Each structure stands twice: as C-alpha cells, then as structure tokens.
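There are 2 protein chains.
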Amino acid sequence: MKLTCTQENLTRAVGIVARSVGKDASLPVLSNVLLATERGRLKLASTNLELGVTCFVGARVEKEGSLTVPARLLLDYVSNLPSNSVSLEVSGDTLNLECGENHASIKGIPASEFPLIPGTQENPNVVIEGERLAQAIGQVVFAAAKDESRPEIAGVYVQIMDDGEVRMAATDSYRLAERRFKNGVRLTGSPTAAIIPGKALSELHRILGSGAGEVSMAFQDGQVIFSFEDPTLTGGNVEVVSRVVEGRYPDYAQIIPESYLTKVKLNQKEFSTALKATSLFSRADASDLHLAVQEKDQAVSFSAESGQLGKNDSVIPGEVEGGDQKIVFNHRYLLDGLSACGTDEISLCLNSDAAPGALLPTGDASEGYTYIIMPIKS
Amino acid sequence: MKLTCTQENLTRAVGIVARSVGKDASLPVLSNVLLATERGRLKLASTNLELGVTCFVGARVEKEGSLTVPARLLLDYVSNLPSNSVSLEVSGDTLNLECGENHASIKGIPASEFPLIPGTQENPNVVIEGERLAQAIGQVVFAAAKDESRPEIAGVYVQIMDDGEVRMAATDSYRLAERRFKNGVRLTGSPTAAIIPGKALSELHRILGSGAGEVSMAFQDGQVIFSFEDPTLTGGNVEVVSRVVEGRYPDYAQIIPESYLTKVKLNQKEFSTALKATSLFSRADASDLHLAVQEKDQAVSFSAESGQLGKNDSVIPGEVEGGDQKIVFNHRYLLDGLSACGTDEISLCLNSDAAPGALLPTGDASEGYTYIIMPIKS
Numbered sequence: 008m009k010l011t012c013t014q015e016n017l018t019r020a021v022g023i024v025a026r027s028v029g030k031d032a033s034l035p036v037l038s039n040v041l042l043a044t045e046r047g048r049l050k051l052a053s054t055n056l057e058l059g060v061t062c063f064v065g066a067r068v069e070k071e072g073s074l075t076v077p078a079r080l081l082l083d084y085v086s087n088l089p090s091n092s093v094s095l096e097v098s099g100d101t102l103n104l105e106c107g108e109n110h111a112s113i114k115g116i117p118a119s120e121f122p123l124i125p126g127t128q129e130n131p132n133v134v135i136e137g138e139r140l141a142q143a144i145g146q147v148v149f150a151a152a153k154d155e156s157r158p159e160i161a162g163v164y165v166q167i168m169d170d171g172e173v174r175m176a177a178t179d180s181y182r183l184a185e186r187r188f189k190n191g192v193r194l195t196g197s198p199t200a201a202i203i204p205g206k207a208l209s210e211l212h213r214i215l216g217s218g219a220g221e222v223s224m225a226f227q228d229g230q231v232i233f234s235f236e237d238p239t240l241t242g243g244n245v246e247v248v249s250r251v252v253e254g255r256y257p258d259y260a261q262i263i264p265e266s267y268l269t270k271v272k273l274n275q276k277e278f279s280t281a282l283k284a285t286s287l288f289s290r291a292d293a294s295d296l297h298l299a300v301q302e303k304d305q306a307v308s309f310s311a312e313s314g315q316l317g318k319n320d321s322v323i324p325g326e327v328e329g330g331d332q333k334i335v336f337n338h339r340y341l342l343d344g345l346s347a348c349g350t351d352e353i354s355l356c357l358n359s360d361a362a363p364g365a366l367l368p369t370g371d372a373s374e375g376y377t378y379i380i381m382p383i384k385s
Numbered sequence: 008m009k010l011t012c013t014q015e016n017l018t019r020a021v022g023i024v025a026r027s028v029g030k031d032a033s034l035p036v037l038s039n040v041l042l043a044t045e046r047g048r049l050k051l052a053s054t055n056l057e058l059g060v061t062c063f064v065g066a067r068v069e070k071e072g073s074l075t076v077p078a079r080l081l082l083d084y085v086s087n088l089p090s091n092s093v094s095l096e097v098s099g100d101t102l103n104l105e106c107g108e109n110h111a112s113i114k115g116i117p118a119s120e121f122p123l124i125p126g127t128q129e130n131p132n133v134v135i136e137g138e139r140l141a142q143a144i145g146q147v148v149f150a151a152a153k154d155e156s157r158p159e160i161a162g163v164y165v166q167i168m169d170d171g172e173v174r175m176a177a178t179d180s181y182r183l184a185e186r187r188f189k190n191g192v193r194l195t196g197s198p199t200a201a202i203i204p205g206k207a208l209s210e211l212h213r214i215l216g217s218g219a220g221e222v223s224m225a226f227q228d229g230q231v232i233f234s235f236e237d238p239t240l241t242g243g244n245v246e247v248v249s250r251v252v253e254g255r256y257p258d259y260a261q262i263i264p265e266s267y268l269t270k271v272k273l274n275q276k277e278f279s280t281a282l283k284a285t286s287l288f289s290r291a292d293a294s295d296l297h298l299a300v301q302e303k304d305q306a307v308s309f310s311a312e313s314g315q316l317g318k319n320d321s322v323i324p325g326e327v328e329g330g331d332q333k334i335v336f337n338h339r340y341l342l343d344g345l346s347a348c349g350t351d352e353i354s355l356c357l358n359s360d361a362a363p364g365a366l367l368p369t370g371d372a373s374e375g376y377t378y379i380i381m382p383i384k385s
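Keeping their order, the protein sequence lines are chains A and B. The numbering used here numbers the first residue of the first sequence as 8 and each following residue consecutively. The numbering used here numbers the first residue of the second sequence as 8 and each following residue consecutively.
See below:
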C-alpha cells in the first residue's frame, strides 16, 4: 500500500473509526484500525465484533494494499501532525508514515487477521436528515437498559411505518422515551421494525454529532447499516453496521397513558433549577423526590429529605389544569427526561400517585416526543 | 447567624474555599466550610490542616453567628440557585438557606469543632501583581517533587532579595525550574527566603486564576500568608495561609550551567509537534528521547524507538550556534519545560551528553526563566 492524503481528512477519519475499537485482550487486532485501499480511496475500519464502522476518504493511491495498526497511537500521531500532506506506505507489517520532516514507522498486524465487517448497503429502507436522526437518537437512547442481561431492552426499538413515519422507543422498565417524526424522512424501501443495540446508536450519535447530510438506513441479513456522507471529509463517506437484536420488544404503547387528569405547563429553566436543588437531598439509596401540584396556587413544589444531609423544598409557578396531585419520582429519571425534551416550556402530566407520569415538550420544537416515568410507591 | 448576600458572591466565595477542604475521614469537620459573621461581612473558611483558605464577602448581617456545613453540598446547592439574593440563617446545627422559592436546611457541625486557621496578615514582606505571581507559580510549581518523603524538594523555594527581586525555584532532582522577576514587585518589608509547599502554591494559582489585583505576601511565625482582593467578589478579599517547610533547600544555583557550548533557537510550535510525535514512541519505562543538533544542517532531530510500537524521527529547523550535540532526555520533562516557557521562540542550550541542558524562553515575554533538565545516560 502506498498513498497520500491530507492530514485533516486522515485525522477526521481515524477519529470517526478509532472510538469503536474493541477492548478484547485475547484478540489484539480488534484494538487496531484497518487501513486499506479500495476503489482509489483509503478505507479505514474498526470493529468490536458487535459494531463496525467504516470510513472512506479521498486519497492519491499509488499502490494497493492494507494493514492494521493500533487505533490510539495512530489517532494521537496523526492529530499532532502539521496541516499538510501525509504519505502512508506499508512495508511488511510496518506502516511508514511521513508528513513534512516527521517520519514514523508503526508496527501493525496483517489485515488478514482483521474480522470481516459485513455488508455494503443495498436498498435502504429509509433516508433521514442527519440532524433529525441525531436529535431523535439523543432523545431516546439514554432510556435503554444499561444492563445487557435483557438484550431487547438494552436496545432501541425502531419502527419504519407505512406512511414513512419513524418511531424510536427505549425503556429500562422504570422510564420510557419515545420519539416519532416524519419530517425529513423519505421512505425508499419496505416499512419494518427492529431492535438496534443502544451502544450502536450512541456511537452513531457521536459520529453524526459534527453534522451529516442524509443518512440512509437499511435492514438486511439481521443487520442494520447506516450510510452517509460526512461533510467534514473531502469525498468521504461513513458506514456504521450493527447486528440487530433478536427477540420481541415489549408492547410499550400500552404503558403510555391515553389521557391525563392533571396537566401543568412549566418553564424549563425554573423546572431544572428546582429539580437540581432538590436532587441534592434525594436519598442516595432511594432517590425519592416528592412532587406536589397545587391548582389553587398554580404552582408545583419539589421536596426531598435526607437524614444525613438535610432537606430542600422548591416551589415554581405552573399553569395547572385538572386538580391537585402528589407523586414520588426518582430524581435522576426526571432530570434525564427534562434534558431530553429540549424546549423552553414543558408539560408535566399526571393521573395519580400510582400511575405513570409524563414529560412532554411544548411549543414549536416539540414534534412527537413522550417521556414516561413510573412513580415510586410511597 | 442571620444574613443576606448575593448568589453570585456566595457561589464565587464557596468556589474559592471549597476545593481546599481536607479529606480526613476521622475528622469530618475538615470536609466542611466554615461560615461566620465577622466585622459586618460573611467569612468563609476551609482547611486541610496544612493549608487554610479564608474568603470574606459583603453581606447584610442581621445576627452574628457561625456554623460549618459540607463544602461539596453547599457549592452544588448555591451554584444552581437563580441569580438573586440568598438568605442564610443558622438554627441549632442547621443552616437554613433561602433564595426565591427554594428553601434548604443543611445539617452542619458546630463551628467550635473547626480547626483555628491562624494568622491575620501583619506587615507583608512584598506586594506582587497578581498576574505576574500566578505566571511565575505556573512556570515552576510543576517541577517540585510529587513525593512528600523529602518535603524540602516537594516545596518551591521563594527568595525575596534585597533589591526587591523575587526568585522562585523548584526541582525534583531530574529537572529544575527557576523564575526571577522584579517588575510588578514592591518590597514592603524585609528580604527573606522560605520553602512553600508546592500544593499550597498550586491552590493559590487556581484561586488567582480568574484574575486578582495586588497580592501581599507575609512570612510570619513559620507561615506564609497571601492576601488579596478578588475582583470578582464585591467587597471581598481572600487569604491563603500555609505553613512553610522547615529545612534547607538544596543549593540549586550550582546546577545551572554558567555558559553553554551550543545554542539552538527553535520555533515553539515546530518544537512541540516534533516532541509530541516522538514522545508517542518513547518507551513507557525509560521515556528516552534522543536529540541531535546538527550545525551544518541548521536543524535538530528528535527520535525515539519502542520495540512494541515502532519508531519516529522528526527534524525541525533551528538557528544552531556552537557545534553539534547528541543527548538523551526524558520526553515528559522536555514537554513540561516547553509548555512553561510560554514564548513563540525557545532556546535549547547544551554542553555535552552528560551535562544538564536548558530551555530558555526568548523574546519580549522571556524575563528571567530558566528550565534545566538532567540528561539520561545512554
């Protein structure tokens, strides 16, 4: 392999793939990045056997070839280089890297030992604006179970509906986040539904972070493949491949209440201040936060008490409709939901102290988001 | 105790003192901040028994009193509050804190259990512009020994000379940093010399970070007291008190070469890139980095090799005077010195592969800084 590319493109591309490497000490090649020439471009790839990330960048290829080298070392090395042309040349199991008067030889592992990352995307089921997809993932993925013992709920359930609506839902059985959106979505194949591992979507979210154009999404052969052009890479595109989770996603729709007795409109900033102040006193073990809605006062109070630390009580104004309520929530789940709503005004919706409550964004940017929290029995 | 102050002042003051609390589980009061009224102001104090930080802020005091409360909880609580007036009232061992509709009760420990922080500053030996003092501390303190087994060299040797020059020096016996400065210094008492613990100066550096006016410095009763007004606090001033280290500081002046055979002027940015690129291959155990100065080429090369990772060789141009040199340094010590110089151009000065080398800032901002590194014997 012998080729030249720009330091900026190389650094960006290594940055995209390097975070997705595996940490399996028994298979050291997983902590490497694959470098290979393919159709006149440089291909970079990493995998942890569950998730594969491939990135192509424009390069002047003089000689075909491939090698894998340690991801961290490569990233640290190329990101420190001056903004210039970088030449890469493989000689045996060594990558020779030159940029100006900097000459490195990095020891690698033959590409033949690198696991095959399957699948080039065929017909995408749907094409989604990158920014909308990233926002939707950010609004739901944190609610997926962290524990992998139940792989279904450690995933995000993604449904492509007949009319082109996309629904993404995640729950760890204590809270549930669902986002529905249709704007910025183009149906290009069959409607479908699948569970995508939360970790894969978090990684996609990170890569999309710096902005992407359209992302096409294909479900094929038990996998999901996301493919998009990265605007920060000249002539570069990225593919993220993950297995989908086998199994049946819980029928979460039945958890979402059809109506609410009490609705309170709250200012996001006031809500957040009161919640954080009170959270400091929520017992470390139980995390109980007491909420009281008072229609007469048009206000909501947040309180928590810790035998060791003391207590807090914060009251904020709210437009209350439908009567008083008292309920206990885990303060962390409230904070998560509040951040995910992303609007200046938020509706808190309740039925009783034993029924799930909801946070709903209100206003223009509030398209189709629902965050449900189970109460703590007091 | 009953008083009112602004949320901004309170947050800033708690932020100044809260980081200096102790972590002694057998003496829980050390992880608290003392709140007390004093001469119509609110006094906040923290100590780890080696270092004490006291901060005064303007307050409307209605009733005298005092209490200690957990530093972390207080800081988190007040920094989350809206920008408003905060009222503090002590009732028994509880601090009642009110800001708008936020009401907290924080459990405390009586002020009588809090260790006495000694000393109000009497006659300062010297008054120094805050910014210059902060810069000088930053240039030397990192070179002090981290290991406290030899407390003298875990400290910074500070000398106030007859002519008002301030000299600060630190060494861990592998490298030495010395800063001398006279601009911005006013001698207001007797010249003196003392060893100040590195940790105390690091803490002072952090507090001065956001800008301070003049800092007066007094050595009295085996202690050093720094006193200054904090411009971000309305009517507030800060005192940092530390014991000085007993013992004799090594005669470091004899380590600094009187002259150098070879001098090389290097561009800071090129130097840094070459050094970082090469450092990635320095052996984790030995950290060897090979430097070669070539007068004929007017260049310096940096190289390192690791049996496991590979190798790097970076060459940068330099104005070489006085002949070729080859020497081996620990790459970390070179990087530290390079950052501390703080100028766009830096002189690398060498005598032989067995003699200490020096990094000297050059140009306008280069007043009196010397960084000496011992070579590694190859």
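Idealized CB from N, CA, C, for every residue including glycine. These numbers come from a predicted model, not from an experiment.
Between the stretch 289-298 of chain A and the stretch 262-275 of chain A there are fewer than three C-beta pairs closer than 8 Å, too few to call the two in contact. Rounded to the nearest angstrom, the Cβ distance from B:G115 to B:V76 is 4 Å, consistent with a contact under 8 Å.
By the 16-neighbour rule on beta-carbons within 10 angstroms, B:Q261 is exposed. In this structure A:L345 is in contact with A:L282, their Cβ atoms being roughly 6 Å apart against a cut-off of 8 Å. Listed in chain order, the positions of the stretch 69-90 of chain B with a beta carbon within less than 9 Å of a beta carbon of chain A are V76, P77, L80, D83, Y84, N87, L88, P89. Think of a sphere of 7 Å around the beta carbon of A:V322: the chain B residues whose beta carbon falls inside it are E108, in chain order. The beta carbons of A:N319 and A:F278 sit no closer together than 8 Å.
Interface with chain B (8 Å Cβ-Cβ cutoff): A:K333 is excluded.
B:G344 sits in a helix when the DSSP states are folded into three classes. Using a C-beta cut-off of 8 Å, the stretch 99-116 of chain A makes no contact with the stretch 158-173 of chain A, since fewer than three inter-stretch Cβ pairs fall below that distance. Here A:F149 carries a helix assignment [DSSP, helix/strand/coil]. In the structure shown, the three-state DSSP call for B:S294 is coil.
For chain A, the residues of the stretch 102-131 of chain B that bring a beta carbon within less than 7 Å of one of its beta carbons are E108, N109, H110, A111, S112, I113, K114, in chain order. In the three-state reduction of the DSSP assignment, B:E71 falls in the coil class, being assigned neither a helical nor a strand state.
For A:L123, the number of other beta carbons within 10 angstroms of its own is below 16, and it is reported as exposed. Using a Cβ-Cβ cut-off of 8 Å, B:G22 is close to nothing in chain A; its nearest Cβ partner there is about 16 Å away. With the rule of 3 Cβ pairs closer than 8 Å, the stretch 157-167 of chain B does not count as touching the stretch 317-332 of chain B. Neighbourhood of B:K283 in chain A, by CB distance below 7 Å: N87, in chain order.
Annotation: A:N87 to A:S94 spans about 15 Å, alpha carbon to alpha carbon. Here A:L268 has G329, G330, Q332, L357, N358, S359 as same chain residues with Cβ atoms under 8 Å from its own Cβ, once five neighbours each way along the sequence are excluded.
The criterion of a C-beta distance shorter than 8 Å is satisfied by A:E210 and A:S27. For B:D320, the enclosing beta strand (DSSP E) has its first and last residue at 317-324.
Secondary structure at B:K303: coil, using DSSP grouped into helix, strand and coil. Shown here, A:A66 sits in coil according to DSSP, grouped into three states, outside any helix or strand. For A:V24 against A:L51, the beta-carbon gap comes to about 5 Å, under 8 Å, which counts as contact. Scanning chain A for C-beta atoms nearer than 8 Å to the C-beta of B:Q315 yields K114, reported in chain order.
Considering only beta carbons, no part of the stretch 45-69 of chain B lies closer than 7 Å to chain A.
Against chain B, the CB of A:T280 has a partner CB under 8 Å away; the residue lies at that interface. Chain A has no Cβ within less than 8 Å of the Cβ of B:K9.
Close CB contacts of A:L140 within its chain, under the 7 Å cut and outside five residues either way in sequence, are with L215, V222 (chain order).
Annotation: A:Q128 to A:A225 spans about 7 Å, alpha carbon to alpha carbon.
Sequence-distant Cβ neighbours of B:G22 in its own chain, meaning closer than 8 Å and more than five residues away, are L82, S86.
Around B:L287, the beta-carbon contacts reaching into chain A at under 7 Å are L80, D83, Y84. Secondary structure at A:P368: strand, using DSSP grouped into helix, strand and coil. Within chain B, the C-beta atoms nearer than 8 Å to that of A:K318 come from A111, S112, in chain order. Per the Cβ contact rule, the stretch 129-149 of chain A is in contact with the stretch 190-199 of chain A (3 or more Cβ pairs under 8 Å).
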